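Taking our numbering as reference, the numbering of the sequence shown is continuous, increasing by one, and the terminal residue is 516.
C-beta: ideal position from N, C-alpha, C; glycine also.
Owing to the predicted nature of the structure, the values given are computational and were not obtained by experimental measurement.
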Amino acid sequence: MKNSARSVVEKMFAAFGEGNIEKFVDTVSSDTVWIYHGTQIIPKGTYEGKDGARKFISGILNNTEILSFEPQQFIVENNKVVVLGQEHQRVKSSGKELKQKWVQVYTVENDLITRMDEFATSEVVN
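This is how it looks when you write it as structure tokens:
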């Protein structure tokens with residue numbers, strides 16, 4: 391189960407890195423819940439189901455240019471995968487660059503992501 395849960399999350403990250411929204415959505419369950427707890431700059435939001443996951447990822451890919459995305463550590467316990475990482479992005483509308491450090495907690499059931507909680511900090515770097 392440990393390797394399976396991690397491989398599902400890695401598959402989702404690969405789809406994100408490719409900018410492939412449909413491949414990304416294929417890694418989540420129909421009743422998935424994605425909760426972004428917000429930062430001092432980026433507002434919180436809850437996204438439900440495949441359409442919610444699509445909205446979550448589309449918002450990121452359509453509104454920012456990802457300059458770097460670095461999952462740095464994976465901690466796996468049964469069907470939970472905790473990922474510590476950081477990213478650097480440019481907001482397309484303003485040109486502002488943001489750096490974030492984050493912790494993402496995934497629940498995986500039947501080889502699909504059923505829940506994601508993200509806790510992050512953001513800072514403007516230009």
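Just checking my contact of Ile456 with Glu487 at CB under 8 Å: how many whole Å lie between their CB atoms?
Contact doesn't hold; Cβ gap of about 11 Å is too wide.
Beta carbon of Tyr496 nearer than 8 Å to that of Val471
yes
Take Ser512 and list the residues in its own chain whose beta-carbon comes closer than 8 Å to its own, dropping the five residues that flank it on each side.
Thr429, Gln430, Ile431, Ile432, Leu488, Lys489, Gln490
What are the residues that DSSP puts in a beta bridge with Asp416?
According to DSSP, Asp416 bridges with nothing at all.
Between Asn468 and Gly485, what straight-line distance do the alpha-carbon atoms span, to the nearest angstrom?
41 Å
Specify, as a first and last residue, the run of the beta strand (DSSP E) that Asp441 falls within.
No beta strand (DSSP E) contains Asp441, which is instead part of the alpha helix (DSSP H) from 439-453.
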